[in-house]
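Notes follow the structure.
Protein chains in written order, with our numbering: chain A, 14 to 512; chain B, 707 to 1027.
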């Protein structure tokens, strides 16, 4: 009998490029094992292999010392492995008890035995110290409570290994405390947990072991008590850190009048006092953990969220932004976070997507769309941005992520905005296209446009930003000039709120 | 990306499905029913005349469905408009007033449908189903189910029974509406906004499109076009009756979907809807020529609708989405 409940040995996986290059990962009974790494380091791929979402190219998975094939989520479930997803997977319209028994309904005389299931659910919940009535409809629960119900559901199905993916990203402080209590209770019961998070202080607090992935290999694995924040960050970044994109100091008229001035912007109870300014030609980055409010600020400036208070001035004069149209008119453009859901109409062609915001202005005599001008514009986009496609009438979902993103950028460049806002523009984009997008951002700013740039990849922020605003829990906790940031570590410290 | 090597022709396949089916069905009927007068010019023109109303309403139906919506009120609007128009004609004899009020009525109902969907958040199916019943009921109520004859012959000639040379006015109206519809759909920003709204409403909103306005416009257009359909019913049958257009909403949906418009929205073809409409009219005509009883006609008609939509759906599936 092995001391590990789960072992993964020599795991390899490639999607066109290798993502995992022979990874070993072992989990002891009743431990919380933190899994850490930058975006694209391979964390989620490794977990998806463990939970049967992806198949591995090579390597073996052992449960309690015995080799087991895991080809599907059901295989994983049978072996007691469950994943608690970031976007919760409970059915919103059903009750807590119905969710817990989903697919395994208990029947009496062919009918659902509601009373038995409610009682049994209550036992499970009580046992875990979760204070919720099993008859409550899930949609009326807070995010934190839903997450705990989801954990209870997994545990009730005899899950012995839980994967928690950024579980605290959208939780309040008290909900986080609650979750930690639950995690320590589960540990007592012998449940093992893989804890994925970017929040180092949480990891140092609750994890027993830590595994750090970097570029598809294990950079470090060991006990949490033997490591500190410095070492974690060092392992995450490795030696060749930040060399993928080089920072070139840019010049922009820093004494010019503000292009954009935001004062005391009030978005919601969490994000209520946001002030910053942007010069023409400046690239201003926003750094922060998930849920720190970066996306919300951009969405508010773009008229997607209601403004509860504060002023926004463009070139000194105040603008009212009630909706996206007002924002576009004021000179804003947003390359949104979710390219597929917010940025593109996937069933339409590359051309239709690229001309969409502009189409009312592309008219001959104000009535009919000037298709020739539209085609010409999109052909130029394709050429200028180096989009790889066999024609502008190709359906956009047949293009690669990087090329899709270039079209989203093109669609807004065509509007000639004064300020371009980009929210995680390189997510799900291969490394080559990443570099091109970074270069594109620089080019846009060099033309005198203002750029607001949100990214979780510090290397990227470090590569192009002139200034970086650090957000923590809805507050601006720092505004750093790029010149003054010597290393990525410094920025990582600022984000983690550690000195 | 395994699917990235598909050819352009393959992607467009479903769009042209209706024409293949159309030609196929036409040839089959021509062979089987050629000796019963199917190919007779009068018979073919007659098919066009009989399908005119469905064809015209289907123009707007394409906009509604391409925007991801559905409008079940069109048949009832046609009936109510026919009643309104014939009552106004009998009382004032003013064609202008009758048309203005009739089309205005349709547009107002369309606006109400639009408001129910966009402002009150009702699913279009339910909102328009309820409205349909209210309008149909009102059409019965207004004269206590009595028909209202129209004695204004100018009206009946222009909107129903007249001919320009050898061509019936109903066919002329159909052509006019399709010219306008095709230009509006394929060549104006409004057409693009409709498709974007149906294709991905969130993304359309993020692109600065006022999707509420777009959906309102589609419903108003649908109501107005349905009202015009009612005017043509009144003109053709020289009277207003509450029973006009019973079930037209379903024929319109079938014509639009057979024509290559996705029920989920985002794709659409106006000219396809014309072929869908004529295809159904042709089948109707053929079943009568073949001496089928009306019970048998109904069964075969239903089967053919299921078959043609299934065939174009299969074509769409092959495309891999």
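Don't be surprised by glycine CBs; every beta carbon is placed ideally from N, CA and C.
*asked:* Can you tell me whether residue 147 of chain A is buried or exposed? The criterion is at least 16 other CB atoms within 10 Å of its CB, across all chains shown.
replied: buried
*Sort A:314, A:160, A:349 by Cα distance to residue 196 of chain A and report the nearest one.*
Out of A:314, A:160, A:349, A:160 has the C-alpha closest to the C-alpha of residue 196 of chain A.
_Spatial neighbours of residue 728 of chain B in its chain, beta-carbon cut-off 6 Å, leaving aside the 5 residues before and after_ = 981, 985
_Check this for me: beta carbons of residue 221 of chain A and residue 16 of chain A, under 8 Å apart or not?_
no
*Within the same chain, show all residues whose beta-carbon is closer than 7 Å to that of residue 409 of chain A, passing over the 5 residues directly before and after it, in chain order.*
357, 359, 361, 362, 363, 366, 417, 420
_Could you give the first and the last residue of the continuous alpha helix (DSSP H) run that contains residue 163 of chain A?_
156-169
*Which residues, taken in chain order from the stretch 911-938 of chain B, show a beta carbon closer than 7 Å to some beta carbon of chain A?*
911, 912, 913, 914, 916
_Using the three-state DSSP reduction, which class does residue 54 of chain A fall into: helix, strand or coil?_
Correct three-state label for residue 54 of chain A: coil.
*Taking residue 289 of chain A as the reference, give the member of A:327, A:262, A:260, A:510 with the closest Cα.*
A:327
*Partners in chain A for residue 898 of chain B, counting only beta-carbon separations shorter than 8 Å*: 365, 368, 369, 372, 382
*Counting pairs of Cβ atoms below 8 Å between the stretch 806-818 of chain B and the stretch 903-913 of chain B, do you hit three or more?*
No contact exists between the stretch 806-818 of chain B and the stretch 903-913 of chain B.
*Buried or exposed for residue 18 of chain A, please, with buried defined as at least 16 other CB atoms from any protein chain shown within 10 angstroms of its CB.*
buried
*asked:* Am I right that residue 976 of chain B and residue 888 of chain B are in contact with their C-beta atoms under 8 Å? What's the rounded C-beta distance?
replied: 5 Å
*Got a sec: which bits of the stretch 338-355 of chain A sit with their beta carbon under 9 Å from any beta carbon on chain B, in order along the chain?*
Taking 9 Å as the Cβ-Cβ cut-off against chain B, the residues of the stretch 338-355 of chain A that qualify are 338, 340, 341, 342, 347, 349, 351, 353, 354, 355.
*Exposed or buried, which one is residue 354 of chain A when buried takes at least 16 other CB atoms within 10 Å?*
It is exposed - the Cβ of residue 354 of chain A has fewer than 16 other Cβ atoms within 10 Å.
*Please report how far the alpha carbon of residue 169 of chain A lies from the alpha carbon of residue 96 of chain A, in whole angstroms.*
Just so you know, the alpha carbons of residue 169 of chain A and residue 96 of chain A end up roughly 14 Å apart.
*asked:* Taking the alpha helix (DSSP H) that residue 88 of chain A belongs to, which residues open and close that run?
replied: Segment 86-91, the alpha helix (DSSP H) holding residue 88 of chain A.
*Consider the Cβ of residue 320 of chain A: report whether some Cβ of chain B lies at a distance smaller than 8 Å.*
no
_Strictly below 8 Å CB to CB, what residues from chain B border residue 358 of chain A?_
901, 902, 905, 906, 909, 910, 972
*residue 385 of chain A to residue 894 of chain B span [Cα, whole Å]*: 13 Å
_Check for me: the alpha helix (DSSP H) holding residue 485 of chain A runs from which residue to which?_
Residue 485 of chain A -> not in any alpha helix (DSSP H); beta strand (DSSP E) instead, spanning 480-485.
*Pull up the CB-CB distance for residue 207 of chain A and residue 177 of chain A, whole angstroms please, since I reckon it's below 8 Å.*
7 Å
*Starting from the beta carbon of residue 895 of chain B, find every residue of chain A whose beta carbon is closer than 7 Å, and list them in chain order.*
372, 373, 376, 382
*Within 10 angstroms of the Cβ of residue 847 of chain B, are there 16 or more other Cβ atoms? Answer buried if so, exposed if not.*
exposed
*Answer yes if the stretch 950-960 of chain B comes into contact with the stretch 757-777 of chain B, meaning at least three C-beta pairs across the two stretches below 8 Å, and no otherwise.*
yes
*Determine the closest residue to residue 188 of chain A out of A:214, A:158, A:422, with distance taken between C-alpha atoms.*
In terms of CA proximity to residue 188 of chain A, A:158 leads the group A:214, A:158, A:422.
_Cβ contact check for the stretch 985-994 of chain B and the stretch 738-754 of chain B: 3 or more pairs under 8 Å_ = yes
*Kindly list the residues whose CB is nearer than 7 Å to the CB of residue 344 of chain A, restricted to its own chain and excluding five residues on each side of it in sequence; keep chain order.*
327, 430, 431, 432
_I need the DSSP call for residue 843 of chain B, collapsed to helix, strand or coil._
helix
*Assign residue 491 of chain A to one of three DSSP states: helix, strand, or coil.*
strand
*Beta-carbon proximity of residue 86 of chain A to residue 74 of chain A, cut-off 8 Å*: no
_Distance between residue 217 of chain A and residue 708 of chain B (C-alpha atoms, nearest Å)_ = With a pLDDT of 36 at residue 708 of chain B, under the threshold of 50, the predicted position of this residue should be treated as unreliable, and no value is reported.
_Neighbourhood of residue 232 of chain A by C-beta, 6 Å cutoff - its chain only, sequence neighbours within 5 removed_ = 225, 248
*Please name the residue or residues paired with residue 327 of chain A in a DSSP beta bridge.*
Residue 327 of chain A pairs with A:273, A:330.
*residue 191 of chain A: buried (16+ other C-beta within 10 angstroms of its C-beta) or exposed?*
buried
*Considering only residues of the stretch 305-382 of chain A, which uninterrupted beta strand (DSSP E) runs meet the minimum length of 3 residues and lie entirely inside it, listed in chain order?*
322-327, 345-348
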